[in-house]
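Have a look at the structure below before the remarks.
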Amino acid sequence: MPLTPIYAPRGNTLHAVAGDVPDATFDIVAFSGTVLGDKSEDRQVVLLWARSMATHGEVGGSIAEFCRRTRWSRATFDRRRIKACERIATAKNTAYRGS
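Residue numbers for the sequence shown follow the numbering used here, beginning at 90 and rising by one.
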């Protein structure tokens, strides 16, 4: 699904352009902002990593470019990403158990 064209009819709601692709029932991108903070560095790391994995670094820059710009090592980037993803997963699991 990484190459599926999408559009945002409002806010942070995403829909597939083609009608035959089911919409997601959970907006993990918006949820990451709730958990990590919309403008946090940790969220930037997670979203950059996800975008890089989906587009092979062709959209929004590469992880290497980010690391050069921030003067982080790749190991620092990966540690921050893993910790942020664990925070999102824990919050999601907590929310799921509560519903």
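Every residue gets a Cβ at the ideal spot worked out from N, C-alpha and C, and that includes glycine. A quick note: this is a predicted structure, and the numbers were derived from the prediction, not measured.
Determine the burial state of S162: buried for a count of at least 16 other Cβ atoms within 10 Å of its Cβ, exposed for fewer. Position 73 of the sequence shown holds residue 162. Exposed, because fewer than 16 other Cβ atoms sit within 10 Å of the Cβ of S162.
Comparing alpha-carbon positions, which option in E175, F155, H145 lies nearest F166? The residue given as residue 166 occupies position 77 in the sequence shown. Distances from the CA of F166 to each of E175, F155, H145 were compared; the closest alpha carbon is that of F155.
If you run the structure through DSSP and keep just helix, strand and coil, what is R186? Numbered from 1 along the sequence shown, position 97 holds the residue referred to as residue 186. Residue state, collapsed to three classes: helix.
Around the C-beta of A173, are 16 or more other C-beta atoms found within 10 angstroms, so that it is buried, or is it exposed? As a working note, residue 173 is residue 84 in the sequence shown. When all chains shown are included, A173 counts as buried.
Kindly list the residues whose CB is nearer than 8 Å to the CB of L125, restricted to its own chain and excluding five residues on each side of it in sequence; keep chain order. Numbered from its first residue, the sequence shown carries residue 125 at position 36. Here the set comprises D131, R132, V135, A173, R176, I177.
Measuring only the C-alpha atoms, how far is V148 from R140? To locate residue 148, count along the sequence shown from 1; it is residue 59. To locate residue 140, count along the sequence shown from 1; it is residue 51. Going by the C-alpha atoms only, they are around 7 Å apart.
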